[in-house]
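Here's the structure, in structure tokens; my notes come after.
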Amino acid sequence: MTKNGEHYSTLEVEGESSRAREAKGKNPVMEVPLIGKDVGHDRDGGAGVKRGVSVIDFVVRLLALTAALAATIIMGTTDQTLPFFTQFFQFRARYYDLPTFTYFVVANAIVAAYLVLSMPFSIVTIVRPLVKAPRLILVIFDTIALTLTISAAAAAAAIVSLAHKGNTNTNWIAICQQFDNFCQRSSGAVVASFVTAVIFVLLVILSTVALKSH
Numbered sequence: 001m002t003k004n005g006e007h008y009s010t011l012e013v014e015g016e017s018s019r020a021r022e023a024k025g026k027n028p029v030m031e032v033p034l035i036g037k038d039v040g041h042d043r044d045g046g047a048g049v050k051r052g053v054s055v056i057d058f059v060v061r062l063l064a065l066t067a068a069l070a071a072t073i074i075m076g077t078t079d080q081t082l083p084f085f086t087q088f089f090q091f092r093a094r095y096y097d098l099p100t101f102t103y104f105v106v107a108n109a110i111v112a113a114y115l116v117l118s119m120p121f122s123i124v125t126i127v128r129p130l131v132k133a134p135r136l137i138l139v140i141f142d143t144i145a146l147t148l149t150i151s152a153a154a155a156a157a158a159i160v161s162l163a164h165k166g167n168t169n170t171n172w173i174a175i176c177q178q179f180d181n182f183c184q185r186s187s188g189a190v191v192a193s194f195v196t197a198v199i200f201v202l203l204v205i206l207s208t209v210a211l212k213s214h
């Protein structure tokens, strides 16, 4: 106690330690607004990515609609009559003469109608990119439409192949040498339908990626 210098130096050290503790206690309070700002930035960035995916989905959906309508119209207007005929027979080929082609036209027409009805849901995902329900609805019905499109295209492709090549084992002759226009149009319709199926695969992938990023 008699050494005043030592006494005062001890008080200074204690004062410094108190100030250090006060500074440490203030650090967590200062970090809170910075963390909140980063979270908001990430949220806005995620919404922007989802909106971009939704815009791509809408454009691709328009392409699918175009392909499905093309397949329906081409097959639905396929009709050819050969220039030669007999007194009792007229050689004519129409799509509704074959049940498989009829199913093809109906299936692609249903798919085209669905694509038109799905446009509002796709627009909703653009306006509100963080909403999950419209994307889930699109994934479910896009998968159903994909299945319908593939089944119709595959069945029609089998008939088109038979028309081009025939089948000697069952004595089915190839008719495309006579009905060349009929075969060309039906083949083009099948190709358009397969293009629609490929686009649907892309749509399902886009919607799944957007759902996964929620």
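Under full-length UniProt numbering, the first residue of the sequence shown is numbered 1, with each subsequent residue one higher. Glycine residues also receive a C-beta, built at the ideal position from the N, C-alpha and C atoms.
Length of the line joining the Cα atoms of residue i and residue j
i, j, result
"alanine 156", "alanine 47", "42 Å"
"valine 39", "valine 55", "Caution applies to valine 39, whose pLDDT of 42 falls short of 50 and renders its modelled position unreliable; the value that the coordinates give is listed next. Roughly 25 Å between the two C-alpha positions."
"asparagine 167", "valine 160", "12 Å"
"alanine 174", "alanine 163", "5 Å"
"arginine 135", "threonine 125", "7 Å"
"isoleucine 140", "valine 60", "17 Å"
"aspartate 97", "threonine 147", "24 Å"
"isoleucine 199", "valine 191", "12 Å"
"glutamine 184", "lysine 165", "14 Å"
"glutamate 31", "aspartate 142", "Confidence at glutamate 31 is low in this model, with a pLDDT of 45, below 50, so the placement of that residue should be treated as unreliable; the coordinate-derived value is given next. C-alpha separation (whole angstroms): 46 Å."
"valine 131", "isoleucine 110", "27 Å"
"tryptophan 172", "serine 187", "19 Å"
"proline 99", "serine 118", "28 Å"
"arginine 94", "valine 127", "45 Å"
"isoleucine 73", "alanine 189", "8 Å"
Under 7 Å between C-beta atoms of residue i and residue j
i, j, result
"phenylalanine 182", "threonine 78", "yes"
"leucine 203", "valine 53", "no"
"asparagine 108", "alanine 158", "no"
"alanine 64", "tyrosine 114", "no"
"leucine 57", "serine 122", "Per the sequence shown, the amino acid found at residue 57 is aspartate instead of leucine. Against a cut-off of 7 Å, the Cβ pair of serine 122 and aspartate 57 comes out as a contact."
Closest Cα partner of residue i within the set the options
i, options, result
"alanine 67", "Val209, Ser193 and Ile205", "Ser193"
"alanine 112", "Arg92, Ile140, Ile126 and Thr196", "Thr196"
"valine 116", "Val49, Leu62, Val209 and Lys50", "Leu62"
"threonine 208", "Ser187, Asp97, Ala133 and Ile123", "Ala133"
"valine 105", "Arg128, Asn171 and Ala153", "Ala153"
"glutamine 80", "Ser118, Ala189 and Phe179", "Phe179"
"leucine 82", "Ile137, Gln177, Thr149 and Val191", "Gln177"
"leucine 211", "Ile74, Leu138 and Pro99", "Leu138"
Beta-bridge partners of residue i, as assigned by DSSP
i, result
"arginine 92", "Thr81"
"asparagine 181", "In DSSP, asparagine 181 forms no bridge with anything."
"asparagine 167", "Trp172"
Local Cβ density within 10 Å of residue i, reported as buried at 16 or more and exposed below that
i, result
"valine 201", "exposed"
"arginine 92", "exposed"
"lysine 50", "buried"
"leucine 69", "buried"
"methionine 75", "buried"
"proline 120", "exposed"
"proline 129", "buried"
"threonine 149", "buried"
heavy atom of the ligand HEM below 6 Å from residue i C-beta
i, result
"threonine 143", "This structure does not include the ligand HEM; it has no bound ligands of any sort."
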